[in-house]
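Novice:
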Amino acid sequence: MFSGKPMKPTFKCYLPPVQTDVKKTIEPPIKKLEPKLLPGEIVVNEVNFVRKCISAESSHDDLWGKLICTNFKVSFIPQDVPSKQKSQLSHLLLGEHDIPLTCLEQVVTVNDTKGKKKVLGSNQKLKFNPTELILYCKDLRIIRFCFHEAGPESAKKVCLAIAHYSHPADLQLLFGFEYQGRRYHESKGERVNGSSPRGGFRTPIFDRSSDWDREIKRTGASEWRVCTINDDHNVSQSLPEYIVVPVSLADQDLKKYSIYFTDHRIPLWCWNHQNGSALVRMASISDPVQQKKIDQRVFTAITKSHPQRSEVVRSDLDKCLPNIQDIQSAFVKIRQICVIDPFEESEERWLTSIENSRWLEYVRAFLKHSAEIVFHLDGKNSSVILQEEEDRDLNCVVSSLVQLMLDPHYRSLLGFQSLVQKEWVMAGHRFLDRCNHLKKNEKEESPLFMLFLDCVWQMMNQYPAAFEFTETYLTVLSDSMWIPLFSTFLFNSPKQRAQHLKDFAKNKAIPQSEDQAVYFPPVWDWSQQFSTKDQTLFNNPMYVGKGAACVQNGEVKTFRRTKKTYSSTLRGMSVSVRNGTRSGEETLTRRGSLVSELKPDFSPVKVETPSERFFRDWFSRPVDQQGLLIPLLLPSHVALWKLYFLRWVPEACIPRGGPSTSYHKLSLLVDEIETLQSHLRQYKGPSPGSTPLPSPGGPLSDHRRMYFKASSRHNPPTPPDFLTSSFPFTPVGNLCRRSIHGTPISKFLNGARIWLSTETLNDTV
Amino acid sequence: MEKQAGAGGAADGAGPSRKLWGSPTGGPAAGETLDSPTGSHVEWCKQLIAATISSQISGPVPSDIANRENKARRRPDFMVSKRLTAPRNLPALRYGAQVIMSQNQVPLLPGETIQTTVKDVMYICPFSGLVNGTLTITDYKLYFTTVEKESPFVLDVNLGVISRLETISVPNQGENTKGLELVCKDMRSPRFAYKTEESHPDVVELLAKHAFPLSHGLPLFAFLYKEQFPVDGWKVYDPTAEYRRQGLPNESWTISKMNSTYELCDTYPSILVIPTNITEEDIKRVAVFRAKHRIPVLSWIHPETQATIIRCSQPLVGPSDRRCKEDERFLQIIMDANAQSHKLTIFDARQSSVAVTNKAKDGGYESESFYPNVELNFLEIPNIHVMRESLRKMKDVVYPTIDEAHWHSAIDQTHWLEYIRLLLAGAAKVADKLESGKTSVVVHCSDGWDRTAQLTSLAMLMLDSHYRTLRGFQVLVEKEWISFGHKFAARVGHGDENHANSERSPLFIQFIDCVWQMTRQFPAAFEFNELFLITVLDHLYSCLFGTFLYNSEQERAAKEVQTTTVSLWSYINSQPEDFTNPFYVDYEHHVLYPLVSSRHLELWTGYYARWNPRMRPQVPVHQTLKELLFLRAELQRRVEELQRDATSHSLSSSSEHSPAHSTGTPLHTAV
């Protein structure tokens, strides 16, 4: 029915789906199933009459269609397109049934009749005809195709092609290089008379000294300077070209010291507290003799850069935090429990399984350690050096968490993105190895960035109004790691990035003067992936609402100002019943009664450490969500990030429920507030004293920031039926485990195990 | 890391206006809540809200709205004793139930009298160490305050919550020092040490007398309490009105007064809904065949399908498989009353093995061969003793300290959440049978007053959005629990010192936990909030209100509970704003099935672990929403004001303000 010829890629295919939808409806029942291809994308292999499994229990809802492997993705084109759920987040570059090859974790072929199963790698042979293909994805989806009606040979070919193309031999074979090259040339005409190169996004990339200068100025780090000794990566392969160092350290000395550090990574300034203390990250020195000497020089220089000449505290992360293998194995376990194990089985002793995976324990450990660093920087006015052997893994997590806790700037969307740029991308986190994009070395794979996102989510969960962005944003960001079209998550270091992009530019005949962000953009330009409307799902109504409140009062809160009120409350803080503190002691001895005598026997609390005291003082005060934030860290406070871990699990999806229902209500409310405010402004007319809203694009009716919009103030609508706990994602067809014998239904009838509420979705009275 | 809102911290903020915001505890109203009958736990909740709210206020704007809000809430009849005037001495959040106060003055409820005051008592706080102070015992509460003026500290425990009093050893202190532990029903056990003096009455004796008044021939405090409320909570539930709301009576069902003197069944309410075409004689025979005479009666009817939820007790089948023609016919009539289905489903809440054992004890279950077209399902829910044991284990997990490394597995080992899951799953099956299966359902366990009440009320909560409102939920509790004879007195042990009584069991707590789980899954579907649920549970024990006293309607009528005590709903409904969920959207006509999976069931730390200051959340989400609601109201007001101004201005001098005018006019329609 279909020619096996690869489709000729055209630029048209990349246009928004509206036109193609129209085309489809006009077409006759038996239609050509054509993939939507991006510029540079080619079809490698395809097979017809494939069944995509939707539900594990029955094949009733399964979709028939064509399975295609291109050099970018695995694409399934269903014969009958079901009416698409409006509510879902739709990706501009990927269809509902598409999986980028980079997103594949494991390609498994099964032959049911022969009882055979094989995990496919690159360039492998398959001795049986697969009846089933199961794709385990890095974004935790599990997608299953059946070939019972398909041509056995072509099915086999597609499986082998998918396996082969998902194991690229070389980084440059990742589709992004092809795509961005084509895109650059094809869109050139449009760009000539248009926007500035970086107009699409304003996230600092930190590949130029001005970005660092701005950061120094913003944090008031006057005793620090941008140093250029790593120009062209002359000193260190993995450091950025521009490094911020203490003013008192000369370039020559730095060069001299650099040879002793792992990978020549000299200390790298991250951030300055306004009290003058600095956060610095550094690799270790293997030679003990040199270490002592250089340490002393570095410490002295950092002390000199502190206005109070405070001492420097060093925190050796390798010694006190789980290593990358621990983290990887915890992630593998929690993934196993959440999505791979049969749902019913993992219901039993669920909390115990979660505990045994240790994932939440590690999340706590990183948050806790970061909070300790915050204590030194904020509570003790000490500069801190984060030390790790390579300074490219744990340091990334901790330094960015510390900055998130201390500096509300990083809790805005742009601030957060700049933080990831600064502490991850430019600091040389090995995204290529840790993501294992080339599937070459599993030992190097570790979900550190994912761990960081989970930590951020925990803080967001505890301080819901503190972040400008939502958990949807974090989830989408994590998914973007597996789409190889953006330069952000593809490289191990700025040097590797620069090298590859240089070669790439040469190969694709892109002028050397061109800005890299133009021909190979980072992920931060979200309009590449999502419509403006869908991007509003990133906006946290509570944060936006707060912003509105601030402006309403004619004051826009700044970090500095918040800080002031904070310390004034500190002084007033003396009244508390503490054990082992002065005020308590005095009363006790004065009375000379039972207390002092009983004390040794009944004091449950050990003598409080200064950091415990610092935290307790902080928690005893009302929270300013625009100020310093410290997460609560008992195991009961650290929760499983359900949207990320359970969004694809159909059995775990609450119809009409979940946090999205309150998100809905909040969005309506904030939208209404913004509308009212714009009315207020219009009545008042432009007054010189009024401050514009903190983020651009005020809430005018054509540019509203909420996904859900208020319609009528007197008639608050019920949350729409499509809201589920997975919103804006859908589990339908995205997680299909192999069916187990003895279906959940029978179990359910026997022993009241689980309520399958998906069975009874249509339940309006 | 502990949460304690020091008075100093709060007072140094943006001035008094900050504290007024959104909370009835603030400002001049402070005394009100101290004196209010809410009990210390509710105080704590409110203070938590107050403390967190004040942190989020960004400036002076809300103060005037807040002020108005406060005034609206303040009710003069609530103020009884001394006021706290200085803003610094506002009650604020402290460890446990402790409330900061400046004076060593005990706030008293109307009708409450001080029994004794003991000086130089040590409170052995598991979180902050030893606190020295004065202990006051009234006939309602135990009130401990520090002597220090600088760091006031209050612990307020109502006596109803005490399960037992234990003496503990105080090492090396000689004869006259005693230690006392109050083991409480609400998951805490405060401990004290004190010196005995001959002139003083014995503290333990006095506490025992007032904590267990029934064991000492004294009345429960509810009968002494003299508060007046503007709303009468006893009027909340009118059975006839509730049945009328459901569309009853109709051609198949009648509202019967057969039990008006409680002769037919002494644990049932006086008003029952039974099938129209069944004779009184037959009903009497059915009563004899059902345990405790608890015959099948209607609890709820589906407005469209006419499928019904019927509740009853187990049939007295016995080892010889007795039959009762009238009972068989009764169920047949119930089935026939629903034209949509030719089946009837019986949900027996018990474990099937237990149901079989019950046959030997003259109980049993309906045989499918004797009852045609009946389908019998066992829900496999363990009995009250298992639940009691489970919650006891939970207390060890959450109080006083937790094992951080094994927190999750420790919760698993209590099986508490597993039982919650069984209950919710059972109720969801009942609801689904009615909704999707359009089939009438009979629910029973052994006596039909424990698991049956849990299942029917949860199913009704899923099916009927009315019960998800603040008032509707009160009706649900009054109806399915109180009027149908859940043995509150026996299960809770009000005023009774026999703490080891095996009749005690936390069935109602389990129910409220299930409700809480549903509110977590559907944050916008319930009109009431978490504070409401906690308040209900606190007054389950407090014996301050008559609502949960006694085992049956008959007993309550005999004791004249409605005329001599105050209803909990009087208190709640006199200040409904405090108990309202700001997210609430009416899901009218929506059936809500909770997702009964371990993945979504959580331990309700806000209730079970609330005494541990380290376990508390820092910022509850709904605060922000409340704040935004105020902001919207304020903005709306100002827009309207400006609209008025603009209109009047444009009339007088249109040229002067033309820009504002031209943009301003079309806005009326845009909102």
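Going down the list, the sequences are from chains A and B. My numbering applies: residue 1 is where the first sequence begins, and numbers increase by one. My numbering applies: residue 1001 is where the second sequence begins, and numbers increase by one. Glycine included, C-beta positions come from ideal geometry on N, C-alpha and C. What you are looking at is a predicted structure, and each value in this text was computed from that prediction instead of being measured.
1) Under 6 Å Cβ to Cβ from H409 (chain A), same chain only, skipping five residues before and after it: list those, please.
2) In chain order, what residues of the same chain have a beta carbon less than 8 Å from the beta carbon of F559 (chain A), not counting five sequence neighbours either side?
3) Enumerated in chain order, which unbroken segments of the alpha helix (DSSP H) with a length of 4 residues or greater are wholly contained in the stretch 293 to 374 of chain A?
4) How far does the beta strand (DSSP E) with N1377 (chain B) in it extend, from its first residue to its last?
5) Find the residues of chain A that neighbour V1157 (chain B), judging by a C-beta separation of less than 7 Å, and give them in chain order.
6) On the DSSP letters alone, give me the boundaries of the beta strand (DSSP E) that D1120 (chain B) sits inside.
7) Which same chain residues end up closer than 7 Å to G95 (chain A) when comparing Cβ atoms and leaving out the 5 residues on each side of it in sequence?
8) Tell me the rounded alpha-carbon separation between R1421 (chain B) and K1209 (chain B).
9) Write down every uninterrupted run of the beta strand (DSSP E) in the stretch 1190 to 1262 of chain B whose length is 3 residues or greater and which is fully enclosed by it, in chain order.
10) If you follow the beta strand (DSSP E) that D1348 (chain B) is in, where does it begin and where does it stop?
11) Would you tell me roughly how many angstroms separate the C-alpha atoms of F1223 (chain B) and G1111 (chain B), rounded to the nearest one?
12) Check the DSSP bridge columns for L769 (chain A) and list the partner residues they point to.
13) In three-state terms, what does DSSP make of C435 (chain A)?
14) Whose Cβ in chain A lies nearer than 7 Å to the Cβ of Q1636 (chain B)?
15) Over what stretch of residues does the alpha helix (DSSP H) that includes K52 (chain A) continue unbroken?
16) Excluding the five sequence neighbours on either side, which residues of its own chain have a C-beta within less than 7 Å of the C-beta of L367 (chain A), listed in chain order?
17) Give the interface partners of S1215 (chain B) over in chain A, defined as CB-CB distance under 8 Å, in chain order.
18) Mind checking who R681 (chain A) pairs with in its DSSP beta bridge?
19) Are the stretch 1480 to 1488 of chain B and the stretch 1568 to 1582 of chain B in contact at 8 Å, needing three or more beta carbon pairs?
20) Do Y1399 (chain B) and N1529 (chain B) have their beta-carbon atoms positioned less than 8 Å apart in this structure?
21) Per DSSP, what kind of secondary structure is W1449 (chain B) in: helix, strand or coil?
22) Residues of chain A with CB under 7 Å from R1392 (chain B), in chain order?
23) Excluding sequence positions up to five away, which residues of its chain have a Cβ less than 6 Å from the Cβ of S166 (chain A)?
24) Kindly indicate the opening and closing residues of the alpha helix (DSSP H) around T1145 (chain B).
25) Against chain A, does F1672 (chain B) count as a neighbour if the rule is that its beta carbon must be under 8 Å from one of theirs?
26) Going along the chain, which residues of its own chain have a beta-carbon closer than 7 Å to the beta-carbon of L1424 (chain B), five neighbours each way excluded?
27) Could you check whether the Cβ of A1349 (chain B) sits closer than 8 Å to any Cβ belonging to chain A?
28) Name the one or two DSSP bridge partners that H1444 (chain B) has.
29) Please classify G65 (chain A): is it buried, with 16 or more other beta-carbons within 10 angstroms of its beta-carbon, or exposed?
30) Thinking C-alpha only, which one of A:F175, A:D213 and A:L321 is nearest N272 (chain A)?
31) If we cut at 8 Å on Cβ distances, does I354 (chain A) have a partner in chain B?
32) Out of B:Q1554, B:L1568 and B:A1525, state which residue places its alpha-carbon closest to the alpha-carbon of P719 (chain A).
33) Nearest to L1434 (chain B) by CA position, among B:V1591, B:W1449, B:R1644 and B:E1527, is which residue?
34) What first and last residue would you give for the beta strand (DSSP E) that runs through F76 (chain A)?
35) In chain order, what residues of the same chain lie with their CB nearer than 7 Å to the CB of Q1521 (chain B), ignoring the 5 residues before and after it?
36) Which class does H409 (chain A) belong to by DSSP, given the choice of helix, strand or coil?
Specialist: According to the structure shown:
1) G415
2) Because F559 (chain A) sits at a pLDDT of 30, beneath the cut-off of 50, its placement in the model cannot be relied upon, and the point is left open.
3) 317 to 320, 324 to 335, 343 to 347, 350 to 357 and 359 to 374
4) V1374 to F1378
5) Within 7 Å Cβ-Cβ: nothing; V1157 (chain B) doesn't reach chain A, min ~17 Å.
6) I1114 to C1125
7) K36 and S75
8) 39 Å
9) 1191 to 1195 and 1253 to 1256
10) L1344 to D1348
11) Their Cα atoms are separated by approximately 9 Å.
12) Not covered by the structure: residue 769 (chain A). The range shown for chain A is 1 to 765.
13) Residue state, collapsed to three classes: helix.
14) L676
15) Where K52 (chain A) is concerned, there is no enclosing alpha helix (DSSP H), although the beta strand (DSSP E) it sits in stretches over V43 to K52.
16) L401, C455, Q458, P631 and L633
17) Correct list: empty, because the minimum Cβ distance to chain A is about 30 Å.
18) DSSP lists no partner for R681 (chain A).
19) no
20) no
21) coil
22) None at all; the shortest Cβ gap to chain A is about 19 Å.
23) L101 and L104
24) Here T1145 (chain B) belongs to no alpha helix (DSSP H); instead the beta strand (DSSP E) covers K1141 to T1146.
25) This structure gives no information on residue 1672 (chain B), because the portion of chain B shown stretches from 1001 to 1671.
26) L1458, C1514, Q1517, P1594 and V1596
27) It does not: the Cβ of A1349 (chain B) has no partner Cβ on chain A nearer than 8 Å.
28) B:D1348
29) Buried.
30) A:D213
31) yes
32) B:A1525
33) B:V1591
34) Going by DSSP, F76 (chain A) is part of the beta strand (DSSP E) stretching over K73 to P78.
35) P1594, L1595 and H1600
36) helix
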